[in-house]
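Numbering (this note's numbering), first residue to last: 91 to 799.
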């Protein structure tokens, strides 16, 4: 085993990356070596076992936890790991297979204190919380200590607060960095292998930039400060979490006991795309929207997160000022990410409730949003219903119920890894669907492996898995939606034509699938109101492009990247005035809001098109069950909910006095000719007569909106 592993290490060194984590087979062989270690390999074996085995509910973690549990109970022995050390290592495995043996260890006086220490800092307890609570109520002193520790949020307070001043070195990428620059689609096959995939970051040449960016980044680290990723516009495009993974691999910090993942890091941008910003939050980074004009490659700066200013290092010379998106961001960084903070806060609340204590004041809370007294928009009501209230105001923090979650195959393997890290063995979201649309046509060997292993992984947790060749994620997911509900998906174009979705990176998609809710700072809404009649020769695609054109004419959108204006960025686009559209047509409008960098989109449709669509969808889902698609129970449950809606087909409507940050009116009578998006920017739209005569060198015809019938 060691010989093969060292050969693998040598191969990875050639690639300039660290070795991959151990798999279940390697871990099982490592366990046998640990029982009777060769004298000269003791330190190597221990290092591999402690630091190179994945945590959560990975297959290798199952082997590791099983051996540690046996050591803790005295059923197995190793000269390198005694019972106490075994329990300590169980406490480093996040959750899942390590939980039961740690709870059992609370009854063993020899290791109870070590088990209590481990559980006190373990957040992924889920229903096992009740087992600890029960032991505490029966008088188990170690269990009582765990409950009190959770109640006191020691898992959080034991970590350092964000510093008043952070000195960092600027790694500046001029212009717009999209997620394909950070995580190229041509390298999608390597995304789950974070260190290897990170070598492809910024591999495409750019104007006004260095030729060897990753070498320059490594050189900047020699200055002895954290390196901040800085750009004018950062993270537009696809929702892929691999973009964040790559940035953090180069600029973040190793996570003890968790191989090949990093947290922390700093990202400064004049504009940071909303999905990328959220993904950074989830990963424990500190993203800050701040003017970066005065920052240049290699500059050393002092960032003051609380004071909201950036100075030249060692001086009081202020070069930029900012306001954090939310003060809760400071807690997210301290906790190691937004997701650990949410789960940990929930655990602390449960513990305090069980102990009869008042709510804690340890955490920063989102600022309460003043009630404007106005009505709610369609999107605000949809999110409100998902939260059990009438509506949600812009700026309000909420955790809406996720009714439908989508995952596709280039991000699916990462979502699988995130689900393992979350110790997820069953989905709480009502319907989770996995597609195989990105890799079906020209699969690499690693894709073929994904095609064979990912369907069962999803279906075993209650998800619905499509088959390679079935088609595009959106065409199928849209057929599984329920009107006026909320969802998400691991593809930036997951824009529901009925209801509303907030696309996300694979980490947040995994969280939504596992827990059935998703954190959301409710965005503001921009209303796009169509009126009049479509003119001859004008198509739906022209209406899509009419939206940015209208915004450009009003000075609400600029094409130039430097100092870019974009009224849609990070906001919800709400469209009305096209009630008679078919649902498939509505998706063309919703889908294109991804190109606007909008957080989401809702469309006011009539009841009749939805009834027709839903009736067809019930038939489709029942056909899928007949064809052997799984999970059959999930498909049948969704079909019945569709039938319930059809029995009483009502739709949420915006209030007449709803509050919007901007209203854009588009008169269809005035659109007399096609509107085109010019290369290489979907915001750069012009009417046909403006570009008539331009030579066309290349034509590509394709769509992610293909109808599946």
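The C-beta atom is built at its ideal place from N, Cα and C for all residues, glycine as well.
- Collapsing the DSSP output to three states places residue 524 in a strand.
- Within the same chain, 551, 552, 553, 603, 604 come within 7 Å of residue 517 by CB-CB distance, once the 5 residues on both sides are set aside.
- Rounded to the nearest whole angstrom, the C-alpha separation of residue 659 and residue 266 is 14 Å.
- In chain order, 635, 775, 776, 777, 778, 781 place their CB closer than 8 Å to the CB of residue 766, counting only its own chain and leaving out the 5 sequence neighbours on each side.
- The Cβ atoms of residue 523 and residue 596 do not sit closer than 8 Å to each other.
- In the three-state reduction of the DSSP assignment, residue 257 falls in the strand class, which pools E and B.
- For secondary structure counted as the alpha helix (DSSP H) over 4 or more consecutive residues, the region 270 to 317 holds these complete runs in sequence order: 284 to 288, 303 to 311.
- Residue ranges of uninterrupted beta strand (DSSP E) with 3 or more members, entirely inside the region 572 to 659 and ordered along the chain, are 576 to 579, 615 to 621.
- The DSSP-derived three-state label of residue 789 is coil.
- Apart from the 5 residues on each side of it in sequence, residue 301 has no Cβ closer than 6 Å to any other Cβ in its chain.
- A straight-line Cα-Cα distance of about 37 Å links residue 693 and residue 353.
- Around the beta-carbon of residue 327, 16 or more other beta-carbon atoms lie within 10 Å, marking it buried.
- Listed as beta-bridge partners of residue 766 by DSSP are 776.
- Under DSSP, residue 168 takes part in a beta bridge, and its partners are 171.
- Uninterrupted alpha helix (DSSP H) stretches at least 4 residues long and entirely within the region 679 to 711 do not occur.
- Cβ neighbours of residue 407 within its own chain (closer than 7 Å, five residues either side excluded): 401.
- The C-alpha of residue 158 is placed about 12 Å away from the C-alpha of residue 117.
- In the three-state DSSP reduction, residue 152 falls in the helix class (H, G or I).
- Inter-residue distance for residue 591 and residue 647 is about 23 Å (C-alpha atoms, whole angstroms).
- With contacts defined by Cβ atoms closer than 8 Å, residue 132 and residue 92 do not form a contacting pair.
- Secondary-structure assignment with DSSP links residue 356 through a beta bridge to 318, 376.
- Inter-residue distance for residue 167 and residue 125 is about 6 Å (C-alpha atoms, whole angstroms).
- Assigned with DSSP and collapsed to three states, residue 95 falls in helix.
- Measuring C-alpha to C-alpha distances from residue 749 to each of 119, 382, 194, 483 identifies 483 as the nearest.
- Between the region 450 to 463 and the region 475 to 492, the count of Cβ pairs shorter than 8 Å is three or higher; the stretches touch.
- Measuring C-alpha to C-alpha distances from residue 394 to each of 405, 175, 791, 387 identifies 405 as the nearest.
- Contact between residue 162 and residue 176 holds: CB atoms are separated by about 5 Å, below the 8 Å threshold.
- DSSP, reduced to helix, strand and coil, places residue 757 within a strand of the structure shown.
- The three-state secondary structure of residue 325, taken from DSSP, is strand.
- For residue 477, the secondary structure class from DSSP, reduced to helix, strand or coil, is helix.
- Ranked by Cα distance from residue 704, the options 322, 673, 791 are led by 673.
- Counting C-beta atoms within 10 angstroms of its own C-beta, residue 678 has 16 or more neighbours from the protein chains shown and is therefore classed as buried.
- Going by DSSP, residue 411 is part of the beta strand (DSSP E) stretching over 408 to 411.
- Each residue's CA atom was taken as its position, placing residue 662 and residue 681 some 13 Å apart.
- Judged by DSSP in its simplified three-state form, residue 567 adopts helix.
- For residue 399, the pairing in a beta bridge is given by DSSP as 394, 411.
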